[in-house]
Amino acid sequence: EPEVTQTPSHQVTQMGQEVILRCVPISNHLYFYWYRQILGQKVEFLVSFYNNEISEKSEIFDDQFSVERPDGSNFTLKIRSTKLEDSAMYFCASRQGYNEQFFGPGTRLTVL
Amino acid sequence: SQKIEQNSEALNIQEGKTATLTCNYTNYSPAYLQWYRQDPGRGPVFLLLIRENEKEKRKERLKVTFDTTLKQSLFHITASQPADSATYLCALPTSGYSTLTFGKGTMLLVSP
Chain Y
3 EPEVTQTPSH QVTQMGQEVI LRCVPISNHL YFYWYRQILG QKVEFLVSFY
53 NNEISEKSEI FDDQFSVERP DGSNFTLKIR STKLEDSAMY FCASRQGYNE
103 QFFGPGTRLT VL
Chain L
13 SQKIEQNSEA LNIQEGKTAT LTCNYTNYSP AYLQWYRQDP GRGPVFLLLI
63 RENEKEKRKE RLKVTFDTTL KQSLFHITAS QPADSATYLC ALPTSGYSTL
113 TFGKGTMLLV SP
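Respectively, the protein sequence lines represent chains Y and L.
With the working numbering, the residue at position 65 of the first sequence is 67, and numbering never jumps.
With the working numbering, the residue at position 108 of the second sequence is 120, and numbering never jumps.
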């Protein structure tokens, strides 16, 4: 069964450093998302991506964040200058038709 | 503002019993509602979607109801098993791109 994959599974970085989180969505899906979940809190929407551009973003997704689909398979989330409060699980999700989203296993980002 | 509420306390039940989880929402008129399962350190896994014109949806041991007047969904697991132990998330679409807003989730613990 096709699945969303994410790398790395765990990323440790120093405050102020740039990180890139990688995702490979399911191949025939058209809509892509990033969500995050701070430990003990709810899953929060960051950004959605469709037709090679951002379709929607939340207040969390400020100028420090960017997304890219550099080729036909990868979907990346970049955080330019990480802060302590960026420590969280980051989930990529993709969707083909209506409504059901498939989530990846997540990347745990730890900012020291 | 839009709000989704789920039972914040863990639900403990015995194997074989029916578990019932509640999702209440305010300031929404969603076209559909989704339920996801999340295991510790993992991404959400889609379980069921119910549309606003559907009162009830079933899938194997799972049943979801949707009352748009009460602004409430109930999620039932019949003949519960220890393997059903997880956190169950309610999610509503909050944009035309099916961006999901999640509740905080209810942890279900099924003891043998």
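Yeah, the Cβ is synthetic: ideal placement off N, Cα and C, and Gly gets one too.
{"query": "Exposure of residue 57(L), with buried meaning 16 or more beta-carbon neighbours within 10 Å", "result": "exposed"}
{"query": "Contact residues within the segment 101-118 of chain L, judged by C-beta distance below 9 Å to chain Y", "result": "101, 103, 105, 106, 107, 108, 109, 110, 111, 112, 113, 114, 115, 116, 117"}
{"query": "Runs of beta strand (DSSP E) lying entirely within the segment 50-78 of chain Y, each at least 3 residues, in chain order", "result": "55-59, 67-70"}
{"query": "Proximity to residue 65(L) [Cα-Cα], best of 22(L), 44(L), 101(L)", "result": "44(L)"}
{"query": "Where residue 31(L) sits in the DSSP three-state scheme", "result": "strand"}
{"query": "Minimum C-alpha distance to residue 77(Y) - residue among 89(Y), 64(Y), 107(Y), 34(Y)", "result": "34(Y)"}
{"query": "Any C-beta of chain L under 8 Å from that of residue 102(Y)", "result": "yes"}
{"query": "Listed by chain order, chain Y residues near residue 55(L) by CB distance under 7 Å", "result": "93, 105, 106, 107, 108"}
{"query": "At least three beta-carbon pairs within less than 8 Å, the segment 8-18 of chain Y to the segment 55-67 of chain Y", "result": "no"}
{"query": "Residue 100(Y) versus 32(Y), 19(Y), 21(Y), 24(Y), residue with shortest Cα-Cα distance", "result": "32(Y)"}
{"query": "Interface residues of the segment 70-95 of chain L facing chain Y [CB-CB below 7 Å]", "result": "none"}
{"query": "Candidates 107(L), 67(L), 113(L), 123(L): closest to residue 18(L) by CA position", "result": "113(L)"}
{"query": "Chain C within 8 Å of residue 44(L), Cβ atoms only", "result": "Annotation note: the requested chain C is absent from the structure, which comprises protein chains Y and L."}
{"query": "For residue 68(L), the three-state DSSP class (helix, strand or coil)", "result": "strand"}
{"query": "Contiguous beta strand (DSSP E) assignments of at least 3 residues, all confined to the segment 75-122 of chain L", "result": "84-89, 98-105, 112-114"}
{"query": "Distance CB(residue 96(L))-CB(residue 120(L)) smaller than 8 Å", "result": "yes"}
{"query": "Strand pairing of residue 36(L), partner residues [DSSP]", "result": "17(L), 84(L)"}
{"query": "Contacts of residue 61(L) in chain Y (Cβ-Cβ under 9 Å)", "result": "100, 101, 102"}
{"query": "Expected contact under 8 Å - CB spacing of residue 15(L) and residue 37(L) to nearest Å", "result": "7 Å"}
{"query": "DSSP beta-bridge partners of residue 44(Y)", "result": "In the DSSP output, where bridge partners are listed per residue, residue 44(Y) has none listed."}
{"query": "Alpha-carbon to alpha-carbon, residue 21(L) and residue 18(Y)", "result": "37 Å"}
{"query": "Three-state class that DSSP yields for residue 114(Y) in the structure shown", "result": "coil"}
{"query": "Residue closest to residue 62(Y), alpha-carbon to alpha-carbon, out of 69(Y), 71(Y), 46(Y), 75(Y)", "result": "46(Y)"}
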